[in-house]
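Note that the sequence shown covers residues 0 to 146 in numbering that gives the first Met the number 0.
The C-beta atom is built at its ideal place from N, Cα and C for all residues, glycine as well.
The structure presented is a predicted model; accordingly, all values stated were derived computationally and were not measured.
Some notes on the structure that comes next.
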Amino acid sequence: MERKRRIILIGRSTAGKTTLCQRINHEELQYHKTQTVQIVNQSMIDTPGEYLERRYFRGALMVTAADADTIVLVQDATEKGSMFPPAYSSMFAKPCVGVVTKSDLASEHEISNARQYLKAAGAGEIFVVSSVTGEGVEALVRHLDFL
Numbered sequence: 000m001e002r003k004r005r006i007i008l009i010g011r012s013t014a015g016k017t018t019l020c021q022r023i024n025h026e027e028l029q030y031h032k033t034q035t036v037q038i039v040n041q042s043m044i045d046t047p048g049e050y051l052e053r054r055y056f057r058g059a060l061m062v063t064a065a066d067a068d069t070i071v072l073v074q075d076a077t078e079k080g081s082m083f084p085p086a087y088s089s090m091f092a093k094p095c096v097g098v099v100t101k102s103d104l105a106s107e108h109e110i111s112n113a114r115q116y117l118k119a120a121g122a123g124e125i126f127v128v129s130s131v132t133g134e135g136v137e138a139l140v141r142h143l144d145f146l
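What follows is the structure in structure tokens.
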């Protein structure tokens with residue numbers, strides 16, 4: 000039996016990782032704080048924001064990412080700054096995609112900044128999405144080709 004392709008979503012708390020998982024799975028959007036690593040639909044690994052925010056948890060991201068085929072860095076468009084260091088994706092040695100979330104709440108300038116943060120972190124293709132309106136989500140899912 001062949002395993003489904005799997006992605007891991009990495010980003011700050013409130014970046015929109017869980018909401019994006021819900022949108023991709025056509026679930027009702029309900030906010031809840033992700034406390035532990037969660038496997039969603041056998042194809043997505045949803046990680047707590049603290050794993051990126053706290054240096055002593057970053058090793059857990061590397062171990063968890065071993066089960067993923069693609070790294071997805073998630074950046075909230077309305078956030079000032081980024082938690083992703085330059086070339087962050089290189090530590091995973093896997094394809095990396097960037098996702099700018101909350102595009103429905105952000106200005107073009109904020110979206111442009113978020114794109115630059117993700118590019119500096121090493122994301123290849125970058126997608127701009129809104130989990131609330133659905134904008135950009137279909138193109139992301141098509142690109143990831145994992146469902």
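Original post:
Would you call the CB atoms of Gly-48 and Ser-12 closer than 8 Å?
Top reply: At the C-beta level, Gly-48 and Ser-12 come within 8 Å of one another.
**OP:** Would you mind reading off the limits of the beta strand (DSSP E) that contains Val-96?
**Re:** 95 to 100
Original post:
Is the region 36 to 51 touching the region 4 to 24, taking contact as three or more C-beta pairs under 8 Å?
Top reply: yes
Subject >> Within 8 Å, strictly: CB atoms of Val-71 and Leu-8 >> reply: yes
**OP:** Give the DSSP-derived three-state secondary structure of Asp-75 in the structure shown.
**Re:** It is a strand residue.
Original post:
Where Thr-77 and Gly-97 are concerned, what is the direct C-alpha to C-alpha distance, given to the nearest angstrom?
Top reply: 15 Å
Original post:
Taking Cβ positions, are Thr-18 and Ser-130 nearer each other than 8 Å?
Top reply: yes
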